[in-house]
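>
Residue numbers (the working numbering), protein chains in the order written: chain P, 1 to 129; chain B, 1 to 251.
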């Protein structure tokens, strides 16, 4: 078990990502910032999070992973200007952050595409070395 | 008559936010084109079905790259004018024998397979929504260019003489490079870095390649690129016979 691996991992993650929920331990979601603090405190919780980071895993069931992905997207999109078009697709659709959030909350195909993409991104984030 | 190598058609509409992709595609064509290549770029209002069909008939290009809004079975160009329908054999025949890079949503589900079934040599496209960022003006920042830099790496590699398979490998690698840029690289603290990484992750995951992987639409471009030899080396090689003659004369 290497505390340095966690510190290196934390140092490579952006300041925004450090404060988004990522790691699931005992049914609770924790941010990279919390993981960094707990690991460096040497707590039992920190050891569990360190183990997840070392294994390159962030969750237990796909249902939990999707739930966290949704929370992350809601947090990210809520911080954006709500009425400015930010995203477009090559099927002639344009979205503000608020419109995209509606798609995610309503579970449309586009919303589900973003949730699945976020799960993939979370998986890649926890494997950053 | 088979489609002709070294002849390229680029369709670059600019309405309905398509200027975001077309601006980047134009830049990529400019920075990767090689001497001896015959390149036609139909831009803005010229990116219409009549002009496209005329260029296909007159020049018979082996490689085409087209930007436009799409659905499962239709590709459209400027002003949302349809060019290709999956069920229209006459339209499918327009692309027969060619390599087609289609930057358009959803076409990999129906139109792409129909094209390949009707003789398109290779097709690259997307089976769900292709996303891009419009938070800045078209072509003005890495953020707006990034999804298209990854998508059009296929075009850049083809222009530099790579085969369709090699270009596809380079395209997927460019996706990884752009994702890394926004995740852990210089772009990670951009205000919209998370969404940019998200968009690239989504686009990569729904990108589809169909058809032949060994076709090189500009084979001699690769050869010429490989022959860019340092002039000092060229001089050194040329001097060897001269040195031998001098040696012979002296002994």
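Ideal Cβ positions, reconstructed from N, Cα and C, are used throughout, including at glycine.
Measure the CB-CB distance between residue 77 (chain P) and residue 97 (chain P) and report whether it falls below 8 Å.
Their beta carbons are under 8 Å apart, which means residue 77 (chain P) touches residue 97 (chain P) by this criterion.
> Would a check of beta-carbon distances place residue 128 (chain B) closer than 8 Å to chain P?
Answer yes: the Cβ-Cβ gap between residue 128 (chain B) and chain P drops below 8 Å somewhere.
> Could you check where the alpha helix (DSSP H) with residue 58 (chain B) kicks off and where it finishes?
Start and end: 49-59.
> Inspect the beta-carbon positions of residue 82 (chain B) and residue 90 (chain B) and report whether they are closer than 8 Å.
No, they are not a contact pair.
> Contact between the stretch 43-59 of chain P and the stretch 95-110 of chain P is defined here as three or more beta-carbon pairs at a separation below 8 Å; is this criterion met?
Taking 8 Å as the limit for Cβ pairs, the verdict is that the stretch 95-110 of chain P does not touch the stretch 43-59 of chain P.
> Hey, how far is the Cα of residue 140 (chain B) from the Cα of residue 81 (chain P)?
Their backbone Cα atoms lie some 20 Å apart in a straight line.
> Could you name the residues of the same chain whose beta carbon sits closer than 6 Å to that of residue 103 (chain P), not counting the 5 residues immediately before and after it, in chain order?
Once the five neighbours on either side are set aside, the close Cβ partners of residue 103 (chain P) are 110, 111.
> I'd like to know whether the C-beta of residue 94 (chain B) is nearer than 8 Å to at least one C-beta of chain P.
No, no contact with chain P.
> Give a yes or no on contact between the stretch 13-27 of chain P and the stretch 65-74 of chain P, applying the rule of three or more CB pairs nearer than 8 Å.
Yes, the stretch 13-27 of chain P touches the stretch 65-74 of chain P.
> Of all the residues that make up the stretch 63-92 of chain P, which are near chain B by a beta-carbon distance shorter than 7 Å?
The residues in question are 76, 85, 86, 87, 88, 89, 90, 91, 92.
> At a Cβ threshold of 8 Å, is residue 12 (chain P) touching chain B?
Closer than 8 Å: yes.
> Counting only runs that start and end within the stretch 58-102 of chain P, where is the beta strand (DSSP E) found for 3 or more residues in a row?
Within the stretch 58-102 of chain P, the complete beta strand (DSSP E) runs of at least 3 residues are 85-89, 93-96.
> Work out the CA separation of residue 72 (chain B) and residue 116 (chain B) for me, nearest whole Å.
Going by the C-alpha atoms only, they are around 15 Å apart.
> To the nearest angstrom, how far is it from the Cα of residue 157 (chain B) to the Cα of residue 29 (chain P)?
Answer to the nearest angstrom: the Cα atoms are 43 Å apart.
> For residue 104 (chain B), count the other beta carbons within 10 Å of its own beta carbon; 16 or more makes it buried, fewer makes it exposed. Which is it?
Buried.
> So, does the CB of residue 133 (chain B) fall closer than 8 Å to a CB anywhere in chain P?
For residue 133 (chain B), the answer is yes, since a Cβ of chain P falls inside 8 Å of its Cβ.
> Report all residues from its chain with a CB closer than 6 Å to the CB of residue 119 (chain P); omit the five preceding and five following residues, and keep chain order.
The residues are 65, 69.
> Tell me which same chain residues have a C-beta within less than 7 Å of the C-beta of residue 80 (chain B), skipping the five on either side of it?
Hits under 7 Å: 16, 69.
> Would you check if there are 3 or more beta carbon pairs closer than 8 Å linking the stretch 124-137 of chain B to the stretch 93-111 of chain B?
With a cut-off of 8 Å, the stretch 93-111 of chain B and the stretch 124-137 of chain B count as touching, because enough Cβ pairs lie within range.
> Quick one: measure Cβ to Cβ for residue 40 (chain B) and residue 55 (chain B), integer angstroms, because I've assumed they're closer than 8 Å.
Contact holds; Cβ gap of about 5 Å.
> Which residues of chain P have a Cβ atom closer than 9 Å to the Cβ of residue 201 (chain B), listed in chain order?
Near residue 201 (chain B) (Cβ distances below 9 Å), the residues of chain P are 117, 118, 120, 121, 124.
> Of the residues B:31, B:9, B:94, which one's Cα is nearest the Cα of residue 61 (chain B)?
Measuring from the Cα of residue 61 (chain B), the nearest candidate turns out to be B:9.
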